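J.: Residue numbers (the working numbering): 2 to 830. C-beta atoms are modelled at their ideal positions from N, C-alpha and C, and glycine is treated no differently. Since we're looking at a predicted model, the values are computed, not measured. Here it is: the structure, laid out below.
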Amino acid sequence: MSQHALQSLLAPKSMVVLTGDDAQNPLMLALLTSLSDAQKSCPVFLSGVQPAKPFAFPLVTHLTELPHSPDIAVLVGTHSHQSMEDIIASCGAAGIDSLLMLSWTGDSQESLIEALRQHNVRLLGPNSFGICRPKQGVYAWLGLTQPLTGRLALMSQSGTVASALVDWATWQGIGFSQVVSMGTPVDVMPSQVLDYLSNDFESQAILMYLQKIGRPTRFLSSLRATGRSKPVAVVTEHSIGADERVLDAALSRTGAVRGRRLNDLIAAASVMTNARRVKEGSLLIIGNGAGPGELAAQRAMELEIDLLTPEGELRDKLETTMAGRGGIGPVTTVWASCATDLFIDLAADALHSDDCGAVLLTLSPTALIDIDSLYDLIIKLHRTQKKLVMVCLLGGGNMTNMRTRINEAGIPTFRTPETAIEGFQFLVQFQRNQLLAKQSPDSHAFRFKIDVSEATKALNQLFKDKQKTPNADALREIFELFHIRLITRRQASNQLSAPIHLRVFQDAVFGPAIGLSLEGAQQHQQAEAVALPPLNTILAKDLIQRAFPGEESFELESLLRNLSTMVCELPEIERLDLADVRLHDSGSVYADVSAQLRLCKNWRRYEHLAIHPYPRQWVSERDLKNGETATVRPVLPRDASILADFVRSMSHETRYFRFISNIEELTPRMLASMSHIDYDREMALLAVIQRNGQDLLIGTARYIDNFDDQSCEFAVVLGDEFQGLGLASYLMRQLFQVAADKGIRVMKGIVLAENKRMIEFCRHLGFTIQRDPDDFGQVIATIKLTPACSKSVEVLPNCEMKPRPFSQCHERRQDKAKIDEKAEFIGYK
């Protein structure tokens with residue numbers, strides 16, 4: 002339970018290639034040639050026919066003849082005497098729980114899934130191009146080039162795109178931690194690969210090329226969980242069937258950045274594992290010729306990137322340094338005859354100014370450039386200040402080698418001025434999207450005690466009365482419930498400079514979306530800004546700024562938040578148009594309203610949303626035996642500080658039981674992971690009391706699902722002072738309810754065998770206890786979630802909650818630095 006469920010599939014330590022029954026199958030021979038050419042390779046076995054060409058890999062006739070069970074089987078070639086069900090059954094019987102399928106099959110998805118589940122095997126493919134894990138010597142793929150070892154992960158649903166990107170990156174000196182070519186997903190979906198990569202400490206950034214995403218909510222949930230900890234760049238094929246603007250809005254809420262072209266992934270690859278954060282200030286371009294710099298400036302103008310025009314003190318300083326040897330401006334040009342150190346001196350002067358947030362050095366090859374000194378000077382500039390330095394070295398030959406050296410030193414390096422600007426835009430967009438991804442907006446229905454059932458009843462009655470397209474009069478009372486006061490007459494005053502148009506529409510992939518534009522401009526897609534509900538103030542402001550740059554309106558923000566709440570709570574509204582909208586001083590709203598309703602029987606709450614709101618329905622209070630009252634609520638991103646204080650306040654023993662390491666406090670990365678969660682796939686309930694006017698965290702319980710839609714893993718811990726007060730069982734019962742509401746049937750947890758009180762507590766809650774077959778120093782607690790689980794459970798006296806974290810189950814021999822990074826309240830199976 003300590004490793005991710007896809008560990009053996011994506012990072013195998015050994016493999017067997019199922020060669021089939023055709024000794025000359027070109028696919029099989031190409032794969033074996035690729036494996037043979039690798040400078041470093043994990044153990045490889047062959048099972049099946051003897052290939053027509055000689056290879057050094059051991060061959061067996063049947064999987065049962067293998068000396069041990071490999072982590073993964075690679076299915077390639079033709080298998081005319083075996084069905085897919087037979088192959089999957091053979092893998093399961095041989096103890097192989099991962100299957101990589103490079104060939105195609107005509108079997109239905111349903112029959113494949115049934116066989117995989119029956120024999121406990123996970124499948125990547127069919128039609129996959131393969132996987133690479135260079136650091137482990139895993140090169141089970143059909144690409145022409147073996148990727149270098151690096152820190153960048155690539156996930157692509159197109160094998161040829163993956164091969165092209167790896168080939169380009171190798172030429173550029175960029176390496177990969179992981180390459181995954183999905184093929185046609187049947188079992189393992191992109192969201193599950195993302196979940197693995199988000200917890201892969203070898204992968205510091207991720208590139209993705211997608212053709213389809215599976216369940217939108219689960220995909221966005223996984224992407225958001227990944228994007229909160231590492232940069233992600235996404236290019237999609239045909240917008241995966243979604244509206245372009247809706248797809249942009251969806252990805253922006255995950256922290257990922259979308260590219261439109263394959264070149265955008267190339268630009269992103271150059272900055273993702275190296276670049277520093279873009280500081281406040283604009284970009285200055287410095288070059289040894291006007292041409293490349295002007296090309297960069299032209300691309301910056303197209304992408305609406307502000308370039309720095311040096312003025313005042315900065316301009317004087319640059320002119321002094323330049324000493325008449327070039328021109329000062331947004332593109333600062335140095336004469337080609339000047340010494341190399343002049344470029345560096347100008348960049349250093351600019352970076353010392355608050356007006357400059359980053360510099361781009363564009364250098365063309367000339368006989369006057371000292372390549373060796375250029376490298377040393379750029380490295381010194383990078384190390385002596387904290388702002389972003391980017392380098393564009395045009396040309397090949399020596400410049401190619403220099404690009405590789407500078408890139409390996411941690412400085413984003415580019416081949417063309419245009420891709421350099423695109424890389425900079427990626428960083429700017431990434432930082433904006435990271436802010437949006439940190440938002441956990443509420444639907445506001447709970448906070449303002451809106452009677453959603455009354456509104457739902459009214460809409461269903463309209464539908465029953467065949468009023469499927471009601472007007473403003475029919476919807477007025479529903480708008481009033483959501484604090485939107487509609488009027489039928491225009492008033493003289495208007496809070497906005499012009500009438501606007503608001504609409505709610507259904508996207509084919511991501512469900513309901515909110516569009517905002519000037520009245521009359523909604524027919525032009527480029528003039529309409531789009532966002533996904535739910536919205537809070539920050540997200541509403543962002544939508545307004547994209548629709549009406551420079552516009553500020555508290556009243557419009559309020560209207561957007563209330564409309565968002567309607568969309569969240571009333572899936573019966575399929576379409577809603579508010580035309581000619583005018584916001585009046587009185588707080589009333591004039592609009593020409595039209596709508597279309599639908600029937601939504603037996604829909605789970607928020608089932609229609611791609612992004613779920615903050616789950617305020619799980620907020621409750623609990624009276625403790627010491628007379629204090631604790632508020633139990635889902636975690637929020639702002640809770641990082643009280644989580645940090647909570648861990649610091651633990652005794653040494655509690656921290657050891659919790660983290661299996663003598664850590665004193667949580668790292669920033671751990672705090673971000675614990676406080677900024679996605680409520681669709683995990684839950685963390687905090688028990689908070691008030692002391693001296695401050696929030697004090699006294700206990701927490703959390704789970705994360707196992708991506709099988711059936712099971713999850715849990716963890717729970719209380720502060721030393723607050724054990725035995727009746728809180729532990731209450732937290733667990735609430736956690737049972739949340740998990741059951743998500744459709745989870747089984748909850749599991751790891752407990753140290755020496756933690757007798759925790760084991761007894763789990764038994765008292767109804768868990769069954771079994772020894773962990775992989776580690777006799779721990780036990781596995783399992784419970785099937787039923788309505789009886791959430792009933793009142795008497796708390797055992799002095800029962801201390803000190804479970805072992807799942808991500809640490811087999812980490813005792815790990816390097817302490819890695820343990821400090823991996824230790825979390827909740828682990829991943």
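What's the C-alpha gap between Phe483 and Ser441?
T.: Stepping through the sequence shown from its first residue, residue 483 is reached at position 482. Stepping through the sequence shown from its first residue, residue 441 is reached at position 440. Near 20 Å, if we compare the C-alpha coordinates of Ser441 and Phe483.
J.: Hey, Leu382 and Ile345 are a contact pair by Cβ (cut 8 Å); roughly how many whole angstroms apart?
T.: For the purposes of this step, residue 382 is identified with residue 381 of the sequence shown, where counting begins at 1. For the purposes of this step, residue 345 is identified with residue 344 of the sequence shown, where counting begins at 1. Right, the Cβ-Cβ distance comes to about 5 Å (below 8 Å), so this counts as a contact.
J.: Ignoring anything shorter than 4 residues or poking outside the stretch 154 to 204, list the alpha helix (DSSP H) runs there in chain order.
T.: DSSP runs (the alpha helix (DSSP H)) wholly in the stretch 154 to 204: 160 to 173, 191 to 199.
J.: Work out the CA separation of Ala631 and Asp624 for me, nearest whole Å.
T.: Your numbering for residue 624 matches position 623 in the sequence shown. Your numbering for residue 631 matches position 630 in the sequence shown. Roughly 6 Å separates the two Cα atoms.
J.: Mind checking Asp22: buried by the 16 CB within 10 Å criterion, or exposed?
T.: Looking up residue 22 in the sequence shown gives position 21. Label assigned to Asp22: exposed.
J.: Comparing C-alpha positions only, which one of Glu303, Ala340, Arg326, Leu347 sits nearest to Leu319?
T.: For the purposes of this step, residue 319 is taken as the residue at position 318 of the sequence shown. Ranking Glu303, Ala340, Arg326, Leu347 by Cα distance to Leu319 puts Leu347 first.
J.: So the beta strand (DSSP E) Leu831 belongs to, where does it begin and stop?
T.: Coverage of the chain is limited to positions 2 through 830, which leaves residue 831 absent and any answer about it impossible.
J.: Take the Cβ of Glu755 as the centre, count every other Cβ of all protein chains shown within 10 Å, and call the residue buried at 16 or more, exposed below.
T.: To locate residue 755, count along the sequence shown from 1; it is residue 754. By the neighbour-count rule (16 or more Cβ atoms within 10 Å), Glu755 is not buried but exposed.
J.: Quick one, which of Pro71, Leu728, Ser109, Ala645 has its alpha-carbon nearest Pro99's?
T.: Reading the sequence shown from its first residue, position 98 is the one you call residue 99. According to the sequence provided, residue 99 is Ser. The question's Pro does not apply to it. For the residues Pro71, Leu728, Ser109, Ala645, the minimum Cα distance to Ser99 belongs to Pro71.
J.: In chain order, what residues of the same chain have a beta carbon less than 6 Å from the beta carbon of Ala154, not counting five sequence neighbours either side?
T.: Looking up residue 154 in the sequence shown gives position 153. Ser178, Gln179, Leu198, Ser204, Ile207.
J.: From the DSSP output, which residues share a beta bridge with Thr655?
T.: Here residue 655 is taken as the residue at index 654 of the sequence shown, counted from 1. Thr655 pairs with nothing; no bridge assigned.
J.: Within 10 Å of its beta-carbon, does Phe777 have 16 or more other beta-carbons around it, so buried, or fewer, so exposed?
T.: By one-based count along the sequence shown, residue 777 stands at place 776. So Phe777 ends up on the exposed side.
J.: Looking only at C-alpha atoms, which of Pro774, Arg764, Val747 sits nearest to Pro788?
T.: Indexing the sequence shown from 1 puts residue 788 at position 787. Considering only alpha carbons, the answer is Val747.
J.: Report all residues from its chain with a CB closer than 7 Å to the CB of Ile745; omit the five preceding and five following residues, and keep chain order.
T.: As a first step, residue 745 must be located in the sequence shown, where it is residue number 744. So the list reads Asp706, Gln711, Ser712, Cys713, Leu786, once near-sequence residues are dropped.
J.: Report all residues from its chain with a CB closer than 7 Å to the CB of Leu476; omit the five preceding and five following residues, and keep chain order.
T.: Position 475 of the sequence shown, counted from the first residue, corresponds to residue 476. So the qualifying residues of the chain are Val594, Ala596.
J.: Measuring CB to CB, does Ala31 end up less than 7 Å from Leu64?
T.: In the sequence shown, residue 31 corresponds to position 30, counting from 1. In the sequence shown, residue 64 corresponds to position 63, counting from 1. No, the Cβ-Cβ distance between Ala31 and Leu64 is not below 7 Å.
J.: If I follow the unbroken alpha helix (DSSP H) through Arg734, where does it start and stop?
T.: The residue given as residue 734 occupies position 733 in the sequence shown. Per DSSP, Arg734 belongs to the alpha helix (DSSP H) from 728 to 742.
J.: Using alpha carbons as the reference points, say which of Gly184, Asp679, Lys743, Pro331 lies closest to Asn128.
T.: Sequence index remark: in the sequence shown, residue 128 carries index 127 (1-based). If we check each option's Cα against that of Asn128, Gly184 comes out closest.
J.: List the DSSP bridge partners of Glu622.
T.: Against the sequence shown, residue 622 aligns to sequence position 621. For Glu622, which the question treats as bridged, DSSP gives the partners Thr632.
J.: Could you tell me the alpha carbon to alpha carbon distance between Glu86 and Trp604, rounded to whole angstroms?
T.: As a first step, residue 86 is located in the sequence shown; it is residue number 85 there, counting from the start. As a first step, residue 604 is located in the sequence shown; it is residue number 603 there, counting from the start. Using only the alpha carbons, I get a separation of about 36 Å.
J.: Leaving out the 5 sequence neighbours to the left and right, which residues in its chain are closer than 6 Å to His80 when beta-carbon positions are compared?
T.: Within the sequence shown, residue 80 is the residue found at index 79, counting from 1. Answer for His80: Gly21, listed in chain order.
J.: Can you give me the start and stop residues for the alpha helix (DSSP H) that Ile88 sits inside?
T.: Here residue 88 refers to the residue found at position 87 of the sequence shown. Run containing Ile88: 85 to 94, per the alpha helix (DSSP H) assignment.
J.: Using 8 Å as the threshold, is the stretch 319 to 333 in touch with the stretch 241 to 252, meaning 3 or more CB pairs across them?
T.: The stretch 319 to 333, when compared against the stretch 241 to 252, does not touch it at the 8 Å Cβ threshold.
J.: Drop a sphere of 10 angstroms on the beta-carbon of Ser48, count the other beta-carbons inside from all chains shown, and report buried for 16 or more, exposed for fewer.
T.: Here residue 48 refers to the residue found at position 47 of the sequence shown. Answer is buried; the Cβ neighbour count reaches 16.
J.: Within its chain, find whatever has a CB closer than 7 Å to the CB of Leu1; leave out the 5 residues flanking it on each side and keep chain order.
T.: No statement about residue 1 is possible, as the shown extent of the chain runs from 2 to 830 and does not include it.
J.: With a 10 Å radius around its C-beta and 16 neighbouring C-beta atoms as the bar for buried, classify Pro572 as buried or exposed.
T.: Along the sequence shown, read from residue 1 onward, the residue named residue 572 stands at position 571. Buried: at least 16 other Cβ atoms inside 10 Å.
J.: Thinking C-beta only, is Arg278 closer than 7 Å to Ile422?
T.: In the sequence shown, counting from the first residue as 1, residue 422 sits at position 421. In the sequence shown, counting from the first residue as 1, residue 278 sits at position 277. No, these two residues do not count as a Cβ contact at 7 Å.
J.: Could you pull the start and end residues of the alpha helix (DSSP H) that Val429 belongs to?
T.: For the purposes of this step, residue 429 is taken as the residue at position 428 of the sequence shown. Unbroken alpha helix (DSSP H) run through Val429: 418 to 438.
J.: Does the beta-carbon of Glu622 have 16 or more other beta-carbons within 10 angstroms, so that it is buried, or is it exposed?
T.: Here residue 622 corresponds to residue number 621 of the sequence shown, with the count starting at 1. So Glu622 counts as exposed.
J.: Could you spell out the range, first to last residue, of the beta strand (DSSP E) harbouring Arg504?
T.: Translated into positions along the sequence shown, residue 504 becomes position 503. Note, Arg504: beta strand (DSSP E), 501 to 508.
J.: For the beta strand (DSSP E) containing Ile770, list its first residue and its last residue.
T.: Sequence index remark: in the sequence shown, residue 770 carries index 769 (1-based). Counting along the chain, the beta strand (DSSP E) containing Ile770 begins and ends at 769 to 773.
J.: Check each candidate in Ile678, Val50, Arg404, Leu540 and name the one with the smallest Cα separation from Arg639.
T.: Position 638 of the sequence shown holds residue 639. Taking only the C-alpha atoms, the option nearest Arg639 is Ile678.
J.: Just list the alpha helix (DSSP H) runs in the stretch 7 to 65, keeping only unbroken ones of 4 residues or longer that don't cross its boundaries, in chain order.
T.: Segments of the alpha helix (DSSP H) lying fully in the stretch 7 to 65: 8 to 11, 27 to 38.
J.: Can you tell me where the beta strand (DSSP E) holding Ala580 begins and where it ends?
T.: The residue given as residue 580 occupies position 579 in the sequence shown. Its beta strand (DSSP E) spans residues 574 to 584.
J.: Go through the stretch 253 to 320 residue by residue and report every complete run of the beta strand (DSSP E) that reaches 3 residues or more, in order.
T.: For the stretch 253 to 320, whole beta strand (DSSP E) runs of length 3 or above, ordered along the chain, are 258 to 260, 283 to 288.
J.: Check whether the Cβ of Thr655 sits closer than 6 Å to any heavy atom of the ligand SAH, and report yes or no.
T.: For the structure depicted, the ligand SAH is absent and the ligand set is empty, with no information on it obtainable.
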